[in-house]
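When we follow our numbering, the leftmost residue of the sequence shown carries the number 107, and every step to the right adds one.
All C-beta atoms, glycine included, are put in the ideal place defined by N, C-alpha and C.
Structure first, commentary second.
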Amino acid sequence: MTPRTAGELARFIDHTLLAPEATRDEVLATCRDAAAWQVAAVCLSPSWLPLPVGVLGEGVRVCTVVGFPSGAHTSTMKAAEAAEAVRNGADEIDMVVNLGLVRAGDWRGVEADIHAARQAIDAVAGRRVLKVICESAALSDDELRDTCRAAVACGADFVKTSTGFHKAGVLREDWTIGEPVMISDHINLT
107 MTPRTAGELA
117 RFIDHTLLAP
127 EATRDEVLAT
137 CRDAAAWQVA
147 AVCLSPSWLP
157 LPVGVLGEGV
167 RVCTVVGFPS
177 GAHTSTMKAA
187 EAAEAVRNGA
197 DEIDMVVNLG
207 LVRAGDWRGV
217 EADIHAARQA
227 IDAVAGRRVL
237 KVICESAALS
247 DDELRDTCRA
257 AVACGADFVK
267 TSTGFHKAGV
277 LREDWTIGEP
287 VMISDHINLT
């Protein structure tokens, strides 16, 4: 679907405030903006849950991050973070993949990492959205492609290209590398 109006476009946006210094007032303002624009989700640091649940009303999902921003947490830590987040009202989890495992080519470790979060979410709340953030600017083309494959194999619903904290950002080419994997498995690359 190609959005034709600002309202349609808004349904593709995760309005995000992950600054560690964000105040309660800034978080509430972000939630009010998300509700006013009817974006797809508001993404906040886990410490602010369940605050947005009472502010957003209908239609805007609550998202938070796991293993953020480095991805260097253990799989057990990520699973615990994910479980707590869904208990606190998160509809969606954005999990940062362990970049060290990816760059070392430890695909069993990468899959165990993603799978641990998927299992924890499903055990606590049934099926919720899991997005895997791969930090594409830090990866080679092959590492990015294989990370997308691992995410698909472990039941991720989306693959995201960046945390927004890496200095290099995202390149258009990153989409062309991951997109064929995502399209063939019917999940989304954002």
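Using three-state DSSP, classify residue i as helix, strand or coil.
| i | result |
| --- | --- |
| A226 | helix |
| T376 | Examination of residue 376 is not possible in this model, given that the chain is present from 107 through 296 alone. |
| A147 | strand |
| L123 | strand |
| R117 | coil |
| L162 | helix |
| S153 | helix |
DSSP puts residue i in a beta bridge; with which residues?
| i | result |
| --- | --- |
| C240 | DSSP lists no partner for C240. |
| K266 | I239 |
| V202 | I239 |
| R167 | A147 |
| V208 | Beta-bridge pairing links V208 to no other residue. |
| V172 | M201 |
Using 10 angstroms around the beta-carbon of residue i, count the other beta-carbons present and answer buried if the total reaches 16, otherwise exposed.
| i | result |
| --- | --- |
| T170 | buried |
| S153 | exposed |
| E114 | exposed |
| G211 | exposed |
| K273 | exposed |
| E127 | exposed |
| G173 | buried |
| A112 | exposed |
Less than 9 Å between the beta carbons of residue i and residue j, yes or no?
| i | j | result |
| --- | --- | --- |
| R224 | G261 | yes |
| E198 | K237 | yes |
| L245 | V208 | yes |
| L124 | L150 | yes |
| Q144 | R110 | no |
| C256 | V230 | One point to set straight first is that residue 256 is Ala, not Cys, in the sequence displayed. Contact flag unset, no. |
| A226 | A178 | no |
(message) Would you call the stretch 241 to 256 in contact with the stretch 187 to 206, where contact means no fewer than 3 C-beta pairs closer than 8 Å?
(response) Flag = yes, the stretch 241 to 256 and the stretch 187 to 206 touch.
(request) Would you be able to state if there are at least three C-beta pairs under 8 Å between the stretch 216 to 234 and the stretch 248 to 262? (result) yes
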